[in-house]
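2 protein chains.
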Amino acid sequence: MYERKILPYLNCGLDLVGEVLYGKWKLRILWFINEGHKRPSEIQRKIPDVSRRVLNIQLKELEEHELVCRTIYPVMPPKVEYNLTDFGRTLIPVIQTIGLWGDEHEERLRHVIMKQFREVVSSL
Amino acid sequence: MYERKILPYLNCGLDLVGEVLYGKWKLRILWFINEGHKRPSEIQRKIPDVSRRVLNIQLKELEEHELVCRTIYPVMPPKVEYNLTDFGRTLIPVIQTIGLWGDEHEERLRHVIMKQFREVVSSL
DNA sequence: CACAATAGGGATAAATTTCTCCCTATCTGA
DNA sequence: TCAGATAGGGAGAAATTTATCCCTATTGTG
Chain A
82 MYERKILPYL NCGLDLVGEV LYGKWKLRIL WFINEGHKRP SEIQRKIPDV
132 SRRVLNIQLK ELEEHELVCR TIYPVMPPKV EYNLTDFGRT LIPVIQTIGL
182 WGDEHEERLR HVIMKQFREV VSSL
Chain B
82 MYERKILPYL NCGLDLVGEV LYGKWKLRIL WFINEGHKRP SEIQRKIPDV
132 SRRVLNIQLK ELEEHELVCR TIYPVMPPKV EYNLTDFGRT LIPVIQTIGL
182 WGDEHEERLR HVIMKQFREV VSSL
């Protein structure tokens with residue numbers, strides 16, 4: 082596994098949050114787990130763009146940060162479930178706030194984000 | 082400048098927000114601008130860990146995403162001010178929510194984040 | 001038997017972000 | 001004159017994150 086060489090900056094609440102939520106898919110992973118999609122394969126079906134490998138890595142990080150917990154059922158084929166911890170559950174309103182802002186401003190966001198691609202990709 | 086090779090995933094509000102806020106210092110840059118620290122040199126004094134180079138880059142991205150606007154005063158030595166746009170201002174409550182969660186759980190967050198470093202760095 | 005589904009990880013490459021070093025310019029003050 | 005403050009950017013390295021490919025194992029199904 083990759084081992085960090087530079088210590089994180091933890092000067093304020095925003096930094097602390099960044100450390101645990103900084104990850105391309107983490108917000109959505111947490112969101113979908115909260116919605117009841119607990120098994121890795123389910124989550125991946127909800128987020129087809131993540132590779133299985135990266136999904137595993139981000140789930141493990143979320144687990145290390147005690148936002149989710151992993152339950153292994155000793156059955157075959159294997160079954161694993163991720164659930165929010167109490168701690169992780171406190172994050173849901175925050176994620177909701179973020180997602181809501183994104184939804185409210187979807188059109189404008191899509192516009193400003195795609196600006197930089199409009200010259201490059203004209204075939205859309 | 083770096084030119085992205087992979088198109089972003091914009092499936093939901095969370096993705097859209099990620100595209101404009103994903104950046105190591107962006108949340109705090111926006112926060113400090115909102116608090117009245119508008120000049121690059123002021124911002125850097127508030128966030129000593131960013132290099133000036135990266136601060137410039139992230140400011141420019143925020144500007145391209147229409148969250149801040151840049152005003153140049155034709156004086157010498159040069160004076161530049163960044164201000165939140167109306168759009169950027171709508172983000173402040175969201176950032177506040179995020180930061181508040183971080184502050185409320187500061188101790189625990191610090192604990193889980195530093196877990197991975199405790200073995201490596203014993204001199205703290 | 002061959003294949004899909006399940007969960008997960010190693011090795012490695014590629015993409016992306018961040019950092020470091022150095023350069024331009026102008027004015028003020030010691 | 002020299003140092004420092006101001007704003008900004010190029011080139012290239014380093015750090016970090018994400019992606020791709022391939023492998024293990026077991027059970028059930030066609």
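Going down the list, the sequences are from chains A and B. Residue 82 is where the first sequence starts when you use our numbering, and the numbers rise one by one after that. Residue 82 is where the second sequence starts when you use our numbering, and the numbers rise one by one after that. We put the CB at the ideal spot given by N, CA and C, even for glycine. Since the model is a prediction, treat every value here as computed from it, not as a measurement.
Same chain, Cβ closer than 8 Å to residue i, neighbours up to 5 away in sequence not counted
i	result
residue 183 of chain A	190
residue 121 of chain A	133, 136, 137, 140, 161, 163
residue 188 of chain A	none
residue 170 of chain B	115
C-alpha gap between residue i and residue j, whole angstroms
i	j	result
residue 136 of chain B	residue 197 of chain B	28 Å
residue 108 of chain A	residue 165 of chain A	12 Å
residue 94 of chain B	residue 157 of chain B	43 Å
residue 177 of chain B	residue 114 of chain A	24 Å
residue 199 of chain A	residue 84 of chain B	13 Å
residue 152 of chain A	residue 116 of chain B	44 Å
residue 179 of chain A	residue 82 of chain A	30 Å
residue 194 of chain A	residue 181 of chain B	27 Å
residue 131 of chain A	residue 99 of chain B	15 Å
residue 175 of chain B	residue 86 of chain B	30 Å
residue 185 of chain B	residue 129 of chain A	34 Å
residue 92 of chain A	residue 92 of chain B	32 Å
Proximal residues to residue i (C-beta, below 7 Å), its chain only, five neighbours per side dropped
i	result
residue 146 of chain A	101
residue 192 of chain A	none
residue 172 of chain B	111, 148
residue 139 of chain A	104, 106, 107, 110
residue 168 of chain B	147, 148
Same chain only: Cβ atoms within 6 Å of residue i, ignoring 5 sequence neighbours per side
i	result
residue 154 of chain A	160
residue 90 of chain B	96
residue 118 of chain B	124, 127
residue 225 of chain A	Given that chain A is displayed from residue 82 to residue 205, the structure contains no residue 225 of chain A and the question cannot be resolved.
residue 88 of chain B	none
DSSP-derived helix/strand/coil call for residue i
i	result
residue 192 of chain A	helix
residue 91 of chain B	coil
residue 120 of chain A	coil
residue 199 of chain A	helix
residue 185 of chain B	helix
N-terminal and C-terminal residue of the alpha helix (DSSP H) that residue i is part of
i	result
residue 109 of chain A	107-115
residue 100 of chain B	94-102
So within the segment 122-173 of chain A, which uninterrupted beta strand (DSSP E) runs reach at least 3 residues, ignoring any that extend past its ends?
149-154, 160-165
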